[in-house]
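Novice:
Numbering (the working numbering), first residue to last: 216 to 408.
Now the structure itself:
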């Protein structure tokens with residue numbers, strides 16, 4: 216039986232950040248697409264201009280609209296791993312969503328894989344463990360850097376880099392601007408990029 220992966224989507228998803236991991240993982244796993252309220256999640260319209268240059272996203276858009284058009288309600292769904300895709304959306308809903316936080320706490324307690332890309336780590340930043348410590352405390356994490364945020368020019372509700380730095384106790388690792396960057400936390404169960 217194929218491993219199960221949960222993709223919690225937010226209020227606005229950049230197409231490529233959803234399409235690329237989905238294209239890699241779908242042939243080998245069973246993916247459940249969810250959102251805090253269930254129903255329709257929106258593809259960021261600004262990301263659609265990149266479809267012309269991106270075959271994977273173009274094919275994904277043509278074949279998979281039902282994935283984000285009819286998401287299941289986010290809850291403690293059975294899965295071996297969770298991947299929080301990025302875009303600015305998680306900063307506006309998943310960062311403060313109690314259901315998302317409970318799911319992350321559950322995955323952490325059961326030593327399951329938790330992954331997040333771009334702004335996806337905002338879903339992890341406010342998660343607190345039973346002992347009142349941040350889930351990220353003592354772990355290495357990364358995200359879309361503040362310097363990149365300023366260059367994009369989109370107003371965000373908080374500095375994700377600073378928030379992750381505080382939650383991790385100084386474990387935030389900033390990569391080179393616009394370069395791929397991956398941090399793997401202890402026990403190889405937390406992956407951010």
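Using N, Cα and C, we set each Cβ at its ideal position, and we do this for glycine too.
#1: Can you list, in chain order, the residues of its chain whose CB lies under 7 Å from that of residue 282, leaving out five sequence neighbours each side?
#2: Report all residues from its chain with a CB closer than 6 Å to the CB of residue 335; omit the five preceding and five following residues, and keep chain order.
#3: Among residues of its own chain, excluding the 5 on either side of residue 321, which ones have a beta-carbon nearer than 6 Å to its beta-carbon?
#4: Considering only the beta carbon of each residue, do residue 328 and residue 406 sit closer than 8 Å?
#5: Return the residue from the list 225, 398, 252 that minimises the CA-CA distance to residue 307.
#6: For residue 341, count neighbouring Cβ atoms within 10 angstroms of its own Cβ and tell me buried if that reaches 16, exposed if not.
#7: On a CA-only basis, which of 252, 230, 259 is nearest residue 278? Give me that one, please.
#8: When the Cα atoms are used, what is the spatial distance from residue 252 to residue 331?
#9: Run through DSSP, which three-state label would residue 307 get?
#10: By the DSSP assignment, the alpha helix (DSSP H) with residue 244 in it spans what residues?
#11: Can you give the Cα-Cα distance for residue 219 and residue 242, rounded to whole angstroms?
Specialist: Walking through what the data contain:
#1: Leaving aside the five residues that flank residue 282 on each side, the residues in its chain whose CB is nearer than 7 Å to its CB run, in chain order, 248.
#2: Cβ neighbours of residue 335 beyond the five flanking positions: 299, 300, 301, 305.
#3: Within the same chain, and ignoring the five residues on either side of residue 321 in sequence, the residues whose Cβ sits closer than 6 Å to its Cβ are 291.
#4: If you check the CB distance, residue 328 and residue 406 come in under 8 Å.
#5: For the residues 225, 398, 252, the minimum Cα distance to residue 307 belongs to 225.
#6: Burial check for residue 341: the Cβ neighbour count within 10 Å reaches 16 or more, so the residue is buried.
#7: Comparing C-alpha distances from residue 278 to each of 252, 230, 259 shows the shortest one belongs to 230.
#8: So the alpha carbons of these two residues sit roughly 20 Å apart.
#9: Note: residue 307 maps to helix in three-state DSSP.
#10: Under the DSSP assignment, residue 244 falls outside any alpha helix (DSSP H); it carries neither an H nor an E label.
#11: Distance between the alpha carbons of residue 219 and residue 242 is about 12 Å.
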